[in-house]
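Read the structure below first, then the notes.
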């Protein structure tokens, strides 16, 4: 583990809670990001095979409006998150081209696991109608029943399989 | 009275700018906490560093307590906030799979974006994976649709399911969070690396814990549900007059302001 000091998690959590509260107060909805990637997928399919995208019952949900599927609130939020993350990493001199991994795993193995982990997450987020931010964080704050169940299931899934990926991280 | 957007305070175009600003804060905070680093994120699953749990639980209780106080004070109409509907079976399976994806890939969706912009190639590959995963989901959706819609319970909350008023539930969540913090710090001190764990004085932590529990206790006594119910009769009138004052051109309801575009993916 690199000896890197990050901000106090309780302080960050409290500030994040205020950002979320501000979002609810202004927009009447919470944070999220996973549907951004679904929208990118829909936009790609739509660009290549518009008929196929429109006839698919799931993709067509995102194609109903007058604009491109990328003209959506959460897409702008995700772009903002990218900029904010970049700004923070930049001021702490943490912008660095690398493949983050534990000392006992090779680069290509790590990248394959990142790809499969990403695929699983993208699939799972569509299944659950949201991810860690859109379902767990947002839903739990408004005490949505399914979101609490979902959040504990994330921890259960990760703790239950962590032993298989020990070499990837430690 | 909030939520401002639902009362027509600003239009869709402005809401997108606001999304950019909110996203900026979101991404900034995640990176500050070290959540662009998958080894930091996954160390929670090896009992070494529980920053993920601390950030999440703290954000949840601050926002939850804030929403309930706003409601008590009449600043926000909670019934106008989009509440994620519960589909229990897909949420259980989705949660388990997302957890596996998290420890396998090292990120969750938003943190992978933060990792990508800070130069991590594995973060970018994870993002590509998520797009592919969404694509696969959409392509096989006809086969999944039945399961996807199973276990539908509507937009229910924990207070409704347990039939206990929100204030008491909030107090319970606050107590659970404080106990969880205490517990994970014990575990961290045993398995974690003392050099990377955050400090913080014992006194500050105890004070914060006391404030959290006190805020929850007040909510439990005040009973926000009852107060919101008594206010409900007055709300629509206030809403309409407010709306006509601020944006006289917009008709009542949410049809005009780009609602058709947003409704689709509200929440996720």
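Residue numbers (the numbering used here), protein chains in the order written: chain A, 2 to 171; chain B, 1271 to 1538.
Glycine is no exception: its CB is placed at the ideal position from the N, C-alpha and C atoms.
Since we're looking at a predicted model, the values are computed, not measured.
Within the stretch 1345-1421 of chain B, the runs of alpha helix (DSSP H) at least 4 residues long that lie entirely inside it are, in chain order, 1358-1375, 1379-1387, 1391-1409, 1411-1418. Inclusion of residue 9 of chain A and residue 1470 of chain B in the CB contact set at 8 Å is warranted, their separation being smaller than that value. One finds nothing in chain B with a Cβ atom closer than 9 Å to the Cβ of residue 107 of chain A; even the nearest lies about 12 Å away. Ranked by how close their Cα comes to the Cα of residue 36 of chain A, the residues B/1439, B/1393, B/1408 have B/1408 in first place. Taking C-beta separations shorter than 7 Å and ignoring five residues to either side along the sequence, the partners of residue 1454 of chain B in its chain run 1320, 1323, following chain order. Taking C-alpha positions only, residue 114 of chain A is separated from residue 1493 of chain B by approximately 48 Å.
Where residue 26 of chain A is concerned, the enclosing alpha helix (DSSP H) starts and stops at 10-28. Boundaries for residue 97 of chain A: no alpha helix (DSSP H) harbours it, and the DSSP string shows neither H nor E there. The stretch 1405-1424 of chain B makes contact with the stretch 1349-1358 of chain B; the number of CB pairs closer than 8 Å reaches 3 or more. With 16 or more other Cβ atoms from the protein chains shown falling within 10 Å of its own Cβ, residue 149 of chain A counts as buried.
From the beta-carbon of residue 1284 of chain B, no residue of chain A is found nearer than 9 Å; the closest lies around 10 Å away. In this structure, residue 1406 of chain B sits near residue 124 of chain A, with a CB-CB distance shorter than 8 Å. By the C-beta density criterion, residue 1463 of chain B is exposed, having fewer than 16 other C-beta atoms within 10 angstroms.
Contact with chain A is found for residue 1350 of chain B, since one of that chain's Cβ atoms lies less than 8 Å from the residue's Cβ. Just so you know, the alpha carbons of residue 1425 of chain B and residue 1354 of chain B end up roughly 6 Å apart. For residue 1279 of chain B, there is no enclosing alpha helix (DSSP H), since its DSSP letter is neither H nor E. Comparing alpha-carbon positions, the option among B/1327, B/1411, B/1345, B/1388 lying closest to residue 1452 of chain B turns out to be B/1327. Among the CB atoms of chain B, none fall inside 8 Å of the CB of residue 94 of chain A.
The stretch 1441-1450 of chain B and the stretch 1481-1501 of chain B touch, with no fewer than 3 CB-CB distances between them shorter than 8 Å. For residue 1315 of chain B, the chain A residues whose C-beta falls within less than 7 Å of its own C-beta are 159, 160, 163, listed in chain order. In this structure, the CA atom of residue 69 of chain A is about 22 Å from the CA atom of residue 1380 of chain B.
The beta carbon of residue 130 of chain A is closer than 8 Å to those of 136 in its chain, skipping five residues each way along the sequence.
Counting along the chain, the unbroken alpha helix (DSSP H) around residue 1451 of chain B starts and ends at 1436-1461. Proximity of chain B to residue 71 of chain A at the Cβ level (cut-off 9 Å) is not reached, the minimal Cβ distance being about 11 Å. Rounded to whole angstroms, the gap between the alpha carbons of residue 161 of chain A and residue 1308 of chain B is 18 Å. According to DSSP, residue pairing for residue 1427 of chain B in a beta bridge involves A/145.
Within the stretch 1386-1407 of chain B, 1386, 1387, 1388, 1389, 1390, 1391, 1392, 1393, 1395, 1396, 1397, 1398, 1399, 1400, 1401, 1402, 1403, 1404, 1405, 1406, 1407 place their CB atoms closer than 8 Å to a CB of chain A, listed in sequence order. Counting other Cβ atoms within 10 Å of its Cβ, residue 30 of chain A reaches 16 or more and is therefore classed as buried. Residue 1362 of chain B has its alpha-carbon roughly 6 Å from the corresponding atom of residue 151 of chain A. Contact check for residue 1457 of chain B and residue 1317 of chain B: beta-carbon distance about 5 Å, within the 8 Å limit, so the pair qualifies.
The C-alpha of residue 52 of chain A lies about 54 Å from the C-alpha of residue 1490 of chain B.
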